[in-house]
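J.: Residue numbers (the working numbering), protein chains in the order written: chain A, 1 to 110; chain B, 111 to 220. We put the beta carbon where it would ideally sit given N, CA and C, even for glycine. These numbers come from a predicted model, not from an experiment.
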DNA sequence: GTACTTAATCGAATTTATACGATACAACGA
DNA sequence: TCGTTGTATCGTATAAATTCGATTAAGTAC
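Structure (structure tokens):
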């Protein structure tokens, strides 16, 4: 019937937003780094990345806003870590999306 | 030892690029739509999205460049479909990344 | 208190993404 | 051949993302 949609599906909008949080190598590097470290002090993250401190801080903020990491203060230091629940949830969501796409893909007509 | 990296890991750069292809609801909608349809004519995609034809065409180009869809010409029509291999590979890659992050997350110190 | 360290934020520059109307272009039908 | 249809691309406007130096603010050490 080809009716024009007036907006996007909410679920897909949310998934797109979280995918955006993963769409920069700095942020992927941060997530992997935090997962590999016992400690997770901001300064160490800055040292591990080829970016200025201000820029790293901004990437950390993006990850925080996406809920994928948490932060706690230790004196003047900020201690970041992976938020396992949110990461697990995103993983699940992505798996669901991919399963949907891969299922259909097998029967595509072109 | 806190050595400053001079650039990002190539694997993570590529993953970030593909995540970027997934970071817009229009593109997720297109992928899901193509997976659900037998036919996959451009015009039908345009009708399914709340966007102008030119904009949809651009999103399709992004997905093509990411390798996630293929296109074949049928007369004046363009017939798009999911590229199952590339999608499967991305799915695998993402699973690998998430497993890495979730593994470490369980032992995080903060 | 003063000096130092750590990290967030501001300000500003640059780049990239998103969007759409208009146009071009190729295939098709009359 | 001529108009129509389906898509890609161009031009352009706007918004968002990325980056970094400079500054601020808050804790620590003396």
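As a quick exercise: from 74(A), 77(A), 76(A), 65(A), pick the residue whose alpha carbon is nearest that of residue 83(A).
T.: Nearest option by C-alpha distance: 65(A).
J.: Here's the rule: buried if 16 or more other CB atoms are within 10 angstroms of the residue's CB, otherwise exposed. What is residue 70(A)?
T.: Result: buried.
J.: Give me the residue from 184(B), 157(B), 190(B), 150(B) with the minimum Cα distance to residue 171(B).
T.: It is 190(B).
J.: When we look at the beta-carbon of residue 73(A) and count the other beta-carbons within 10 Å, is it buried (16 or more) or exposed?
T.: Answer is exposed; the Cβ neighbour count stays below 16.
J.: Hey, would you say residue 16(A) sits closer than 8 angstroms to residue 134(B), going by beta carbons?
T.: Closer than 8 angstroms, so yes.
J.: Tell me whether residue 206(B) counts as near the ligand HEM, meaning its Cβ is closer than 7 angstroms to at least one heavy atom of that ligand.
T.: The model on display carries no ligand, and the ligand HEM is accordingly not part of it.
J.: Out of curiosity, what's the CA-to-CA distance linking residue 142(B) and residue 206(B)?
T.: About 22 angstroms.
J.: Could you check whether the Cβ of residue 89(A) sits closer than 8 angstroms to any Cβ belonging to chain B?
T.: Taking Cβ atoms only, chain B never reaches closer than 8 angstroms to residue 89(A), which makes this a no.
J.: From the beta carbon of residue 32(A), is the nearest beta carbon of chain B less than 8 angstroms away?
T.: Yes, contact with chain B.
J.: Please report the straight-line C-alpha distance between residue 98(A) and residue 63(A), rounded to a whole angstrom.
T.: The alpha-carbon atoms of residue 98(A) and residue 63(A) are separated by roughly 22 angstroms.
J.: Give, in chain order, every residue of the segment 178-205 of chain B whose Cβ lies closer than 7 angstroms to some Cβ of chain A.
T.: Within the segment 178-205 of chain B, the qualifying residues are 182, 189, 191, 192, 194, 197, 198, 201, 204.
J.: Are any of the Cβ atoms in chain A nearer than 8 angstroms to that of residue 173(B)?
T.: Judged by the 8 angstroms Cβ criterion, residue 173(B) is not in contact with chain A.
J.: Using only the alpha-carbon positions, how far apart do residue 89(A) and residue 21(A) sit?
T.: Their Cα atoms are separated by approximately 14 angstroms.
J.: Which residues does DSSP list as the beta-bridge partners of residue 69(A)?
T.: According to DSSP, residue 69(A) bridges with 82(A).
J.: Listing by chain order, which chain B residues have their CB less than 8 angstroms from the CB of residue 6(A)?
T.: The contacting residues are 160.
J.: One question on the structure: do residue 158(B) and residue 26(A) come within less than 8 angstroms of each other, judged by their Cβ atoms?
T.: No, Cβ-Cβ distance for residue 158(B) and residue 26(A) is not below 8 angstroms.
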